[in-house]
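Following the working numbering, the numbering of the sequence shown begins with 303 at its first residue and continues without gaps.
Glycine is no exception: its CB is placed at the ideal position from the N, C-alpha and C atoms.
No experiment lies behind these values; they were computed from the predicted model shown.
The structure appears right after this line, and notes come after that.
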Amino acid sequence: MSHVVGVYYSNWSVYDSKHNPQDLLPSINHVFYAFLKPDIKTGNVKLTDEWADTQMSVGGAAGAIAALMLLKSRNPELKVIASIGGWGTNAEFQEVTANTEKRSNFVNSTIDLVRRFGFDGVDIDWEFPANTTEAHQLVELLKLLRTTLSYINEALTLSVAVPAGQDTVDVLNIPAMDQYLTFWNIMCYDFVGDKWSNTVGYHSNLYGFNGSNALNADLALRLYALRGASTHKLLLGMPAYGRCFLQPQLPEVGSVFNAKFPEGKDTVDFNRIDRSTEIFDGERVAAIAYDHQQNIIVTYDNEQSASIKAMYVRDNGLAGGFWWDSKGDAPNYGLINSFADTLRS
Numbered sequence: 303m304s305h306v307v308g309v310y311y312s313n314w315s316v317y318d319s320k321h322n323p324q325d326l327l328p329s330i331n332h333v334f335y336a337f338l339k340p341d342i343k344t345g346n347v348k349l350t351d352e353w354a355d356t357q358m359s360v361g362g363a364a365g366a367i368a369a370l371m372l373l374k375s376r377n378p379e380l381k382v383i384a385s386i387g388g389w390g391t392n393a394e395f396q397e398v399t400a401n402t403e404k405r406s407n408f409v410n411s412t413i414d415l416v417r418r419f420g421f422d423g424v425d426i427d428w429e430f431p432a433n434t435t436e437a438h439q440l441v442e443l444l445k446l447l448r449t450t451l452s453y454i455n456e457a458l459t460l461s462v463a464v465p466a467g468q469d470t471v472d473v474l475n476i477p478a479m480d481q482y483l484t485f486w487n488i489m490c491y492d493f494v495g496d497k498w499s500n501t502v503g504y505h506s507n508l509y510g511f512n513g514s515n516a517l518n519a520d521l522a523l524r525l526y527a528l529r530g531a532s533t534h535k536l537l538l539g540m541p542a543y544g545r546c547f548l549q550p551q552l553p554e555v556g557s558v559f560n561a562k563f564p565e566g567k568d569t570v571d572f573n574r575i576d577r578s579t580e581i582f583d584g585e586r587v588a589a590i591a592y593d594h595q596q597n598i599i600v601t602y603d604n605e606q607s608a609s610i611k612a613m614y615v616r617d618n619g620l621a622g623g624f625w626w627d628s629k630g631d632a633p634n635y636g637l638i639n640s641f642a643d644t645l646r647s
């Protein structure tokens, strides 16, 4: 079985980035389409942007979903997976999973969408279950989803997107979840950020201390495996964007920074980063660049870290990796190419 080379394709990419799904690399074999959303009143899963999803012209297709299915018709190995949830949907998941009728509506409406559009599976992105009660409710949702998906076609995949921090690992019932899952999409990024960190740090380092805390991808993946996740189901999540820190006292990891960005302005797509001052940390496997003019540090993955992470995936028997999100690496796909090429070598 070949490794997963996955991306999340966000439906808003068709607007600001003019990012056409049909331009995705042939080496990408899993696309997680983000996002669909449960209705808090009924539990029914619905599209979040009918215009972008099914109506606007995207590469000659009616909407981004149809554009992805057209790409799939040219590349039969490609799987297109409906990702449900995302940031800001915690209240919906809390309500829907706690109610038997709404949970049933969630599953039935999801199946309707899988059949309607031809999705190859479902990805659940609940950010994040806060206690053991909610963790149990998530298990019940996954159980019902897996049973129903298998009734249609056992090849349909089921995955969850989960964070790297131990606080979530301690809450989740990982062994119970694992029996129903095809993949664990471990989000090995956002380890630091200017809204929740006191010092500059790497936000997606593979190893070691990142300058702000002890989080790293290797630790996260080993922790999930130790708690009961099947290693061969683990996907290493990587960012196609950088995290920015404003007015650091020193232009280096570990420095205190003196200002915060406005909400939503503290990240930058990889393809927009000024890398002229890039420094790569080979020990921790992460990169930074410093903009002297604006006094900003950006921390990110580069082609070298992508290649090293591919070797890590291969050497540790993981299922593969994925990127959030595809528009950040388009149109040259330096990150994804490096990752995929190394896996094939």
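Classification of residue i by the beta-carbon crowding that lies within 10 angstroms, buried from 16 upward
i      : result
THR601 : buried
GLU436 : buried
GLY622 : buried
SER452 : exposed
LYS567 : exposed
GLU565 : exposed
Same chain only: Cβ atoms within 8 Å of residue i, ignoring 5 sequence neighbours per side
i      : result
ARG586 : TYR504, ASN507, LEU508, TYR509, GLY510, PHE511, ASN512 and ASN518
THR569 : TYR543, GLY544, ARG545 and CYS546
MET489 : ALA463, VAL464, PRO465, ALA466, GLY539 and TRP626
SER578 : ALA591
Contact under 8 Å by Cβ, residue i with residue j
i      : j      : result
THR383 : HIS332 : Here the sequence assigns Ile to residue 383, which means Thr is not the residue at that position. Yes, they are a contact pair.
ASP576 : ASP603 : no
LEU537 : PHE624 : yes
LEU447 : VAL473 : no
ILE610 : SER329 : no
PHE563 : PRO550 : no
LYS445 : PHE485 : no
GLU429 : GLY495 : no
ILE712 : LYS339 : The chain is shown only over 303 to 647; residue 712 falls outside these bounds and no answer can be derived.
ILE367 : TYR317 : no
6 Å CB neighbourhood of residue i in its chain, flanking five on each side removed
i      : result
GLY345 : VAL398, LYS404, ASN407 and PHE408
PRO248 : The structure shown does not extend to residue 248, since the chain is modelled only from 303 through 647, so no value can be given for it.
MET371 : GLY420
ASN315 : The residue asked about is misnamed: residue 315 is Ser in this sequence, not Asn. If we look at SER315 and ignore the five residues flanking it on each side, its Cβ neighbours are HIS321 and LYS629.
GLU580 : ALA589 and ALA591
Proximal residues to residue i (C-beta, below 7 Å), its chain only, five neighbours per side dropped
i      : result
SER499 : SER514
PRO431 : ALA437, LEU440, VAL473 and LEU474
LEU373 : PRO323, GLN324, LEU326 and LEU380
TYR482 : LEU444, LYS445, ARG448 and LEU460
THR411 : The sequence shown places Ser at residue 411, rather than the Thr named in the question. The residues are ASN346 and VAL347.
C-alpha distance - residue i paired with residue j, whole-angstrom precision
i      : j      : result
GLU676 : TRP626 : The structure shown does not extend to residue 676, since the chain spans only 303 to 647, so no value can be given for it.
SER304 : ARG646 : 9 Å
PHE493 : GLN468 : 12 Å
ASN433 : PRO633 : 41 Å
THR350 : VAL309 : 19 Å
THR450 : ILE599 : 47 Å
GLY361 : VAL416 : 22 Å
SER319 : GLY390 : 22 Å
ASN556 : VAL615 : Before going on, a small fix: residue 556 reads as Gly here, not Asn. When rounded, the distance between both Cα atoms is 28 Å.
Spatially closest choice to residue i from the options, by CA coordinates
i      : options                           : result
LYS348 : GLY362, ILE413 and GLU442         : ILE413
PRO553 : MET613, GLN596 and GLU456         : GLN596
ASP583 : LEU548, LEU372 and SER607         : SER607
PRO541 : GLU565, TYR635 and ASP325         : TYR635
ASP427 : THR450, GLN396 and ASN377         : GLN396
ASN487 : GLU456, ASN455, ALA516 and ALA527 : ALA527
SER461 : ALA588, ASN618 and VAL306         : VAL306
SER640 : SER375, MET613 and GLY630         : MET613
ARG574 : ASP631, THR450 and ASN410         : ASP631
GLU394 : THR501, ASP341 and LEU521         : ASP341
THR402 : GLU442, ASN392 and ALA522         : GLU442
ARG418 : ILE454, ASN392 and MET479         : ILE454
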